[in-house]
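Protein chains in written order, with the numbering used here: chain Z, 1 to 222; chain G, 1001 to 1197.
For reference, the structure is listed below as structure tokens.
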Amino acid sequence: MIAFTDVSVEKNGVAILGGITVHLKERRVGIIGRNGSGKSTFARLFNGIEKPTSGRVALDAPHEREALRRHVGFVFQNPDNQIVYPIVSEDLAFGLKNLKLSARETQARIEAVLERFDLTHLRDRFTHQLSGGEKQMIALAGVLVMRPRMIVLDEPTTLLDLWNKRKFMTAIDALDEHVVLVSHDLDLLADFDRVLHIEDGTIVADGDPATVVAGYVASARC
Amino acid sequence: MLTDLYVFADSPVHRARPVVKIAALVVLCTSLFVFEGWIAVTVAGVLVFAGFALAGLGPRHAIVSLRPALWILAAIFAVQLYMTDVVFAGFIVARFVVLILAAALVTLTTRTSEFVDGILSALRFAPSWVPKAQIALAVSLFLRFVPLVRTALDDVREAQRARGLDRNLKAILVPLVVRILKTADEVSQAIYARSFD
């Protein structure tokens, strides 16, 4: 699905990621690692928000960075920083306008995504008046309405309570799109196909969730 | 809050094209300064109140729109009263009230996305070097992030109060500015991620 070839990222002369080579084709991929390990920078490479200092990130087809942005959606930890417009329906339309879709197609996609997640009642609500869980669902809907092939989520449940976390993860589980989830909540990754453990800017473990998470937990013991 | 001002309805004023409303607002505001005197203010006031009635808006909406500016209006009145007389001070304040209500009529009846489309229409004939889409997006972001900055200010103030620093301007401004800049950074990433050029 997506391939990283000898990808490195440097910021202000400091190496954040170094020589990452990995090919991800599984439908559910988890990324774990301690704070400052480089996992968020790695996640931002998926859709071109972050640019590699060297190396190459590419979808299976010979796409370039613009295609990455078009085909890979990104959900941030804090939905307040992702929602651009004051009214839900306007915000959902934002990405579609950027894709230059017709008004009819835009409206149809908005209705479809709202129905898909049972959010139709929020269509005309002010975004800043929504609960944290509702905002995160709208942020997710705002990405899915653009119909990406892959969706990357950077610690999307950190600000959610237990109920909203379960609701959000139920929605994620039901997605047909490929999902890459960065999370400190290891329970969420139990059913995933593959987990990457990143430390000091490199992948130190890569495999099934049980093995990788067990190694991660063991490394965290003081 | 500013973004709470939009009132959902289906009136002729709501349906009017945003660019027409913005143009009408510009003409009305300019006229109020070109044609000085009580007659101009009265005519403009009648037009604005007619607009409110046509949009199905009541006195409550007018009061809510004026409330944030009341202390500024009071200050203007006091200064004019000191410098001139009560009639002229009243005229100046009345003119500002009509201007504020006219602007409120536009924001009360225009969604942000329509407002942005209106700005884009108005900039249609601007030279190619004018970043039209960026200007329109900046306006929408301003409206969207007023409540967010307000929330950040409340959070920082509360945190500093817990440390006994709620009256220390530097202790409030520094973390607030840092937080706003970090937010702005992530917002720009989010906008990029949603295919905005």
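C-beta atoms are modelled at their ideal positions from N, C-alpha and C, and glycine is treated no differently.
These figures come from a predicted structure and were not determined experimentally.
Option nearest residue i by Cα separation, candidates the options
i, options, result
"residue 1148 of chain G", "G/1182, G/1008, G/1125, G/1164", "G/1182"
"residue 156 of chain Z", "Z/147, Z/148, Z/171", "Z/171"
"residue 55 of chain Z", "Z/217, Z/151, Z/22", "Z/22"
"residue 1027 of chain G", "G/1103, G/1155, G/1113, G/1169", "G/1103"
"residue 44 of chain Z", "Z/18, Z/25, Z/75", "Z/75"
"residue 35 of chain Z", "Z/86, Z/198, Z/70, Z/210", "Z/198"
"residue 124 of chain Z", "Z/133, Z/132, Z/110", "Z/110"
"residue 27 of chain Z", "Z/51, Z/194, Z/185", "Z/194"
"residue 79 of chain Z", "Z/143, Z/115, Z/176, Z/67", "Z/143"
"residue 1047 of chain G", "G/1061, G/1060, G/1032, G/1036", "G/1032"
"residue 237 of chain Z", "Z/24, Z/32, Z/42", "Outside the shown range of chain Z, which is 1 to 222, sits residue 237 of chain Z, and nothing can be said about it."
"residue 204 of chain Z", "Z/219, Z/190, Z/191", "Z/219"
"residue 60 of chain Z", "Z/19, Z/136, Z/71, Z/82", "Z/71"
"residue 1022 of chain G", "G/1191, G/1120, G/1053", "G/1120"
"residue 141 of chain Z", "Z/206, Z/47, Z/90", "Z/90"
"residue 1012 of chain G", "G/1025, G/1039, G/1051, G/1036", "G/1051"
"residue 1136 of chain G", "G/1197, G/1072, G/1067, G/1015", "G/1197"
"residue 1110 of chain G", "G/1097, G/1143, G/1129", "G/1143"
"residue 177 of chain Z", "Z/145, Z/136, Z/202, Z/11", "Z/145"
"residue 1054 of chain G", "G/1105, G/1037, G/1141", "G/1105"
"residue 12 of chain Z", "Z/32, Z/127, Z/53", "Z/53"
"residue 1115 of chain G", "G/1129, G/1100, G/1133, G/1125", "G/1133"
"residue 57 of chain Z", "Z/81, Z/19, Z/86", "Z/19"
"residue 188 of chain Z", "Z/46, Z/47, Z/115, Z/29", "Z/29"
"residue 216 of chain Z", "Z/4, Z/25, Z/33, Z/5", "Z/33"
"residue 161 of chain Z", "Z/85, Z/47, Z/118, Z/185", "Z/185"
"residue 1156 of chain G", "G/1086, G/1060, G/1169", "G/1169"
"residue 1188 of chain G", "G/1175, G/1145, G/1154, G/1158", "G/1145"
"residue 963 of chain G", "G/1061, G/1108, G/1063", "Here chain G comprises residues numbered 1001 to 1197, so residue 963 of chain G is not present and cannot be evaluated."
"residue 1095 of chain G", "G/1024, G/1174, G/1030, G/1161", "G/1030"
"residue 39 of chain Z", "Z/208, Z/196, Z/159, Z/68", "Z/196"
"residue 1064 of chain G", "G/1007, G/1179, G/1160, G/1164", "G/1007"
"residue 1112 of chain G", "G/1122, G/1154, G/1139, G/1078", "G/1139"
"residue 1179 of chain G", "G/1150, G/1124, G/1165, G/1195", "G/1150"
Cβ separation of residue i and residue j, assumed to be a contact under 8 Å, to the nearest whole Å
i, j, result
"residue 1118 of chain G", "residue 1043 of chain G", "Not really, about 25 Å apart at Cβ, beyond 8 Å."
"residue 9 of chain Z", "residue 16 of chain Z", "5 Å"
"residue 180 of chain Z", "residue 152 of chain Z", "4 Å"
"residue 127 of chain Z", "residue 83 of chain Z", "5 Å"
"residue 167 of chain Z", "residue 133 of chain Z", "6 Å"
"residue 1069 of chain G", "residue 1092 of chain G", "Not really, about 13 Å apart at Cβ, beyond 8 Å."
"residue 87 of chain Z", "residue 182 of chain Z", "Not confirmed; about 29 Å, so no contact."
"residue 154 of chain Z", "residue 77 of chain Z", "5 Å"
"residue 200 of chain Z", "residue 37 of chain Z", "7 Å"
"residue 1056 of chain G", "residue 1009 of chain G", "5 Å"
"residue 1201 of chain G", "residue 47 of chain Z", "Beyond the ends of chain G as shown, which are 1001 and 1197, falls residue 1201 of chain G; an answer cannot be given."
"residue 1040 of chain G", "residue 81 of chain Z", "With a Cβ gap of about 45 Å, residue 1040 of chain G and residue 81 of chain Z do not count as contacting."
Bridge-paired residues (DSSP) for residue i
i, result
"residue 72 of chain Z", "Z/150"
"residue 10 of chain Z", "Z/15"
"residue 171 of chain Z", "In DSSP, residue 171 of chain Z forms no bridge with anything."
"residue 206 of chain Z", "Z/196"
"residue 180 of chain Z", "Z/29, Z/152"
"residue 4 of chain Z", "Z/22, Z/57"
"residue 87 of chain Z", "Z/126"
Residue-chain proximity (residue i, chain A), Cβ-Cβ < 8 Å
i, result
"residue 1065 of chain G", "Looking at the structure shown, chain A is missing, and the protein chains on hand are Z and G."
Proximity test, residue i beta-carbon vs the ligand ADP heavy atom, cut-off 7 Å
i, result
"residue 1031 of chain G", "Within the structure as shown, the ligand ADP is missing, as the structure has no ligands at all."
Review point. At a Cβ cut of 7 Å, what residues of the region 115-138 of chain Z count as close to chain G, listed as they run along the chain?
Key: 124, 126, 128
Check your understanding: Considering only residues of the region 1116-1188 of chain G, which uninterrupted alpha helix (DSSP H) runs meet the minimum length of 4 residues and lie entirely inside it, listed in chain order?
Key -> 1132-1162
Check your understanding: Name the residues in the region 75-94 of chain Z whose C-beta lies less than 8 Å from a C-beta of chain G; which are they?
Key -> 76, 78, 80, 81, 82, 83, 84, 85, 86, 87, 90, 93, 94
Review point. Taking only runs of the beta strand (DSSP E) that begin and end inside the region 34-63 of chain Z, which ones reach a length of at least 3 residues, in chain order?
Key: 54-59
Check your understanding: Taking any Cβ of chain Z, which residues in the region 1121-1152 of chain G have a Cβ under 7 Å from it, in chain order?
Key -> 1140, 1141, 1143, 1144, 1147, 1148
**Study point:** Short-range partners of chain G found in the region 166-182 of chain Z, where Cβ spacing is below 7 Å
**Key:** none
Practice item. Kindly provide the ranges of any beta strand (DSSP E) runs that are 3 or more residues long and lie completely inside the region 95-165 of chain Z, ordered along the chain. Key: 150-154
**Study point:** Complete runs of the beta strand (DSSP E) confined to the region 1040-1106 of chain G [at least 3 residues]
**Key:** none
**Study point:** Against chain G: residues of the region 146-157 of chain Z by CB proximity under 8 Å
**Key:** 146
Practice item. Select from the region 1095-1119 of chain G all residues with a C-beta closer than 7 Å to any C-beta belonging to chain Z, and list them in chain order. Key: 1111, 1112, 1113
**Study point:** Members of the region 31-62 of chain Z that neighbour chain G once the beta carbon cut-off is set at 9 Å
**Key:** 44, 47, 48, 49, 50
Check your understanding: Which residues, in order along the region 98-112 of chain Z, keep a beta-carbon less than 7 Å from a beta-carbon of chain G?
Key -> 98, 99
Check your understanding: Any residues in the region 1176-1191 of chain G with a beta carbon nearer than 8 Å to a beta carbon of chain Z? Which ones, in chain order?
Key -> 1183, 1186, 1187, 1189, 1190, 1191
Practice item. Taking only beta carbons into account, state which residues of the region 1070-1082 of chain G come closer than 9 Å to chain Z, listed in chain order. Key: none
Review point. In the region 1-28 of chain Z, which residues sit with their C-beta less than 8 Å from some C-beta in chain G, listed in chain order?
Key: none
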